[in-house]
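Read the structure below first, then the notes.
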Amino acid sequence: MTLVETHPRKTARRPSGAASLRPSGPHVWADMTVEVALSVLDSSRAGQLLLCDEDGRCTGTVSRAELSAARGSARYTDRTQLRDIVHSSGPSLSL
0 MTLVETHPRK
10 TARRPSGAAS
20 LRPSGPHVWA
30 DMTVEVALSV
40 LDSSRAGQLL
50 LCDEDGRCTG
60 TVSRAELSAA
70 RGSARYTDRT
80 QLRDIVHSSG
90 PSLSL
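If you're matching positions, the sequence shown starts at 0 in numbering that gives the first Met the number 0 and goes up one per residue.
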């Protein structure tokens with residue numbers, strides 16, 4: 000008796016080229032509020048969010064600690080945006 004595979008298996012392929020250089024994780028934009036960013040971070044269960052510019056290029060990251068510190072500051076309002084708390088350092092994704 001010969002076994003026949005009726006459902007072909009999908010094999011995982013490693014991304015190549017530009018796709019492998021693309022950072023993964025939740026993306027947020029500078030005009031997003033701190034509260035919304037915290038909500039995205041909670042729902043994604045990620046350690047940090049990738050901060051993107053208007054063209055969709057990643058320009059930095061923001062962590063839960065940074066968002067929590069901003070929310071605890073005296074200058075915080077419910078309209079505080081990420082651009083008010085994050086100082087992007089360019090395409091290196093480091094703050």
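Note that beta-carbon positions come from the ideal geometry of N, C-alpha and C, so glycine has one too.
Excluding residues up to 5 positions away in sequence, 32 lie with their Cβ nearer than 7 Å to the Cβ of residue 78 in the same chain. Within the model, the alpha-carbon separation for residue 69 versus residue 61 is close to 11 Å.
Residue 50 is bridged by DSSP to 27, 59.
Bounds of the alpha helix (DSSP H) holding residue 83 are 81 to 84. Cβ contact annotation for residue 80 (same chain, cutoff 8 Å, sequence separation greater than five): 29, 30, 31, 32, 33, in chain order. When the five nearest sequence neighbours on each side are left out, the beta carbons in the same chain lying within less than 8 Å of the beta carbon of residue 75 are those of 33, 69, in order along the chain.
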